[in-house]
Amino acid sequence: YDEIYDGAWQSDLPFSVIHRIAIHEKYKGKGISSIMMDNIVKMCNDRNIKSIRVDTHEANKPMQKLLHKTGFVYCGIIYLLDRSKRLAYERII
10 YDEIYDGAWQ
20 SDLPFSVIHR
30 IAIHEKYKGK
40 GISSIMMDNI
50 VKMCNDRNIK
60 SIRVDTHEAN
70 KPMQKLLHKT
80 GFVYCGIIYL
90 LDRSKRLAYE
100 RII
């Protein structure tokens with residue numbers, strides 16, 4: 010997350026990173042991912058971590074929807090070590 014393109018991070022605060030969220034097919038559409046995000050925010054806040062960053066593939070529309078719904082802001086583009094492009098988001102808490 011050292012370099013971001015076509016944008017900028019919202020802050021220079023110490024941050025946590027969400028690397029993966031997965032919900033079993035049987036439980037999709039029941040609001041579990043939003044509950045998970047709420048709990049992640051609470052855990053970070055309890056530990057005085059005021060920024061959370063996450064990236065996702067540009068084709069992962071459900072994750073992008075979840076991020077917008079839970080208060081994350083699109084910040085730009087990052088590239089993984091294999092040069093794969095990812096959309097980068099951050100939430101200040």
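Take the sequence shown: its letters are residues 10 to 102, numbered as in this note's numbering.
Even for Gly, the Cβ is constructed at its ideal location relative to N, Cα and C.
Taking buried to mean at least 16 other C-beta atoms within 10 Å of its own C-beta, is residue i buried or exposed?
{"i": "SER43", "result": "exposed"}
{"i": "ALA31", "result": "exposed"}
{"i": "ARG97", "result": "Residue 97 is actually Ala in this sequence, not Arg. Buried is the call here."}
{"i": "LEU89", "result": "exposed"}
{"i": "ILE41", "result": "exposed"}
Specify the secondary structure class of residue i as computed by DSSP and reduced to three states.
{"i": "LEU96", "result": "strand"}
{"i": "TYR10", "result": "coil"}
{"i": "ASP64", "result": "strand"}
Assuming residue i is part of the beta strand (DSSP E), what are its boundary residues?
{"i": "ILE27", "result": "24-27"}
{"i": "ILE49", "result": "Element bounds for ILE49: not the beta strand (DSSP E) but the alpha helix (DSSP H), 41-55."}
{"i": "GLY85", "result": "82-88"}
Thinking residue i and residue j are a contact (beta carbons under 8 Å), I'd like their distance in whole angstroms, please.
{"i": "ARG62", "j": "GLU99", "result": "5 Å"}
{"i": "VAL27", "j": "ILE49", "result": "The residue asked about is misnamed: residue 27 is Ile in this sequence, not Val. With a Cβ gap of about 6 Å, ILE27 and ILE49 count as contacting."}
{"i": "ASN102", "j": "CYS53", "result": "Correcting the residue identity first, residue 102 is Ile in this sequence and not Asn. ILE102 to CYS53, Cβ: 6 Å. Contact."}
{"i": "TYR10", "j": "ILE86", "result": "Actually they do not touch by this definition, with Cβ atoms about 12 Å apart."}
8 Å is my cut-off, CB to CB: does residue i come that close to chain D?
{"i": "LYS78", "result": "Among the chains of the structure shown, chain D does not appear; only one protein chain is present."}
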